[in-house]
Amino acid sequence: MKKLNIGLFGFGVVGEGIYQVLSEKSQLQTHIKKIVIKDPEKKRNAPAELFSIDPNEILNDETIDVVVELIDDADAAFEIVKTALNKGKSVVSANKKMIAENHLELIELQRKNKVSFLYEAAVCGSIPILRNLEEYYNNDLLNYVNGIVNGSTNYILTKMRSENQSYENALKAAQENGFAERNPTLDVEGVDAVNKLSIIILHAFGRLISPDDILKKGITALKNEDFKYAAEKGLIIKLIAGCAVDKSENITPIVVPTFIEKSKTLGLVNNEYNGVLIGSDLADEQFLYGKGAGRYPTSSAVLSDISALRYNYKYELRKGIKNGFHGEYFAEKKFYVGFKPGLDLDKSTFQNIEESYQSKDYEYVTGTISLNELKNSGWLENPEISVISF
Ligand SMILES: NC(=O)c1ccc[n+]([C@@H]2O[C@H](COP(=O)([O-])OP(=O)(O)OC[C@H]3O[C@@H](n4cnc5c(N)ncnc54)[C@H](OP(=O)(O)O)[C@@H]3O)[C@@H](O)[C@H]2O)c1
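This is how it looks when you write it as structure tokens:
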């Protein structure tokens, strides 16, 4: 078996996890030669001589053939990964922000340098979604991918609903458990889910889309009244990332809080778990489920990528890399829009209004909105306005 010499960047939640796993499993025939971190003063659960703060100790070491990049700084990660690929090293990364923002350039570097760049852990933690989309769903016509792809917001929404926790306490618990990004606004504002969705879209549909072109609303604008509305209707609220493709090949990529029935498949996905529904012509609907965050679930995906390097596995992107978006969304959906009285909401944004409610403290309207109109309304960016999809 080919022995892999690894240079590891990062020794945080995931980095230390993969170090432990690789150290304990000698049958994996891997050797971590160096670990580069940022803060030389921190106490580490590994021999001191392994650590360095100089990236070149890994990048310039010709005996290191694999770089595992697990740092929490997307810009620094991009420089590290680019240099490693250009030096002919294969790279495993979990950095969805860095990948979503530089996807095409990274794929081209992988091809040019004839190495592998794998990132299963960047999307849905332990769930093998990318390799499934690449290999299994290579021939069947995919119609949609819909799912809960951010473990941290799912954990927060679950704790708020089932244990009546405040938003602040639930977020703190998500951070303490290692589910949240160091900068939690990436999770709660939906940025992390958008980054993951853009990576999914390339592997599912062969379409390249900038995270900026994905419609986005996180969970921070949700109010008690919205949760009350959901409970009255027997529904729960989840942050859902989805992309559908219509017969004319238009795509509708959107990350938005969504009402769902508790008993429906995604309604059963709670805490830090992720779940993804894949809709296709032949297989109809299939469901992938597993832990989406945390030390060992994420390490499991990193480990799987490291193992795949033994047989030189690469993402082939056989569905192509077409421009994913042409500036317009060709779909409409039913939404609930909630706000405090006094806010001058332009209700003509709705194509039709189904229900409207007004009290002295809160108002809401439900009805159909075209996604173009929703984008132009400014409601997605407004923290005073709740926008929830049905
Ligand atoms: N946590 C999860 O559940 C999870 C799930 C999926 C994907 N991910 C992704 O995995 C990556 C790591 O996440 P994490 O939760 O393990 O982060 P973390 O616990 O915050 O650890 C980050 C590590 O990166 C190191 N670091 C930061 N900047 C650096 C630089 N410029 N050079 C070298 N090292 C640097 C830090 O060094 P010091 O120790 O010296 O501070 C720390 O060891 C991120 O891209 C994240 O999005 C995480």
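Heads up: the sequence shown begins at 317 in my numbering, then just goes up one per residue. Where a beta carbon is used, it is the ideal one built from N, C-alpha and C, also for glycine. Here the structure is a predicted model, which means the values were calculated and not measured.
Residues in its own chain within less than 7 angstroms of residue i by CB, not counting five upstream and five downstream?
i    : result
D394 : Before going on, a small fix: residue 394 reads as Phe here, not Asp. If we look at F394 and ignore the five residues flanking it on each side, its Cβ neighbours are M414, N418.
F495 : G467, S468, Y471, E588, A609, G610
S615 : V330, G333, I334, V337
R523 : I517, I567, K638, G640
G506 : K532, K533, G534, L555, V571
V431 : L401, G404, K405, S406
Within the same chain, show all residues whose beta-carbon is closer than 6 angstroms to that of residue i, passing over the 5 residues directly before and after it, in chain order.
i    : result
P657 : E679
T684 : E648, K650, Q667, N668
D621 : V408, L434, E436
L502 : D508
Which partner residues does residue i have in the DSSP bridge list?
i    : result
Q674 : E679
Y652 : T682, I704
R523 : K638
Y460 : A560, G595
G323 : K350, V383
T568 : A560
L338 : Paired residues: none, contrary to the question.
T574 : K554, S705
K318 : None; K318 has no bridge partner.
My guess is that residue i and residue j are in contact by the Cβ rule of under 8 angstroms, so how many angstroms apart are they, rounded?
i    : j    : result
T399 : L375 : 5 angstroms
R477 : I552 : 6 angstroms
L661 : L531 : The pair is not a contact, with the Cβ atoms about 18 angstroms apart (cut-off 8 angstroms).
L320 : V382 : 5 angstroms
E450 : H519 : 6 angstroms
Does residue i get closer than 7 angstroms to chain D when you measure Cβ to Cβ?
i    : result
L584 : In summary, chain D is missing from the structure at hand, where a single protein chain is found.
Nearest to residue i by CA position, among the options, is which residue?
i    : options                : result
T474 : G441, N454, I535       : I535
K607 : N590, L619, S615, S616 : N590
E385 : P371, N485, D456       : P371
D355 : A364, H347, K349       : A364
S623 : V383, I396, L344, G323 : L344
D542 : V681, H642, V585       : V681
Y483 : V504, I464, N493, E497 : V504
D456 : Y605, Q602, S596, P527 : S596
R498 : V618, G328, K635       : G328
P573 : I369, L696, D388       : L696
I704 : L513, K676, A546       : A546
Leaving out five residues on either side along the sequence, give the residues of the same chain with a beta carbon under 8 angstroms from the beta carbon of residue i.
i    : result
A390 : N411, K413, M414, E417
Counting only runs of 3+ residues fully inside the region 479 to 519, write out the beta strand (DSSP E) ranges in chain order.
Contiguous beta strand (DSSP E) elements confined to the region 479 to 519 do not occur, taking only those with 3 or more residues.
Uninterrupted alpha helix (DSSP H) stretches inside the region 410 to 448 (no shorter than 4 residues)
You should have 412 to 417, 419 to 429.
Beta strand (DSSP E) segments (min. 3 residues) lying fully within the region 577 to 653:
Runs found: 589 to 596, 600 to 607.
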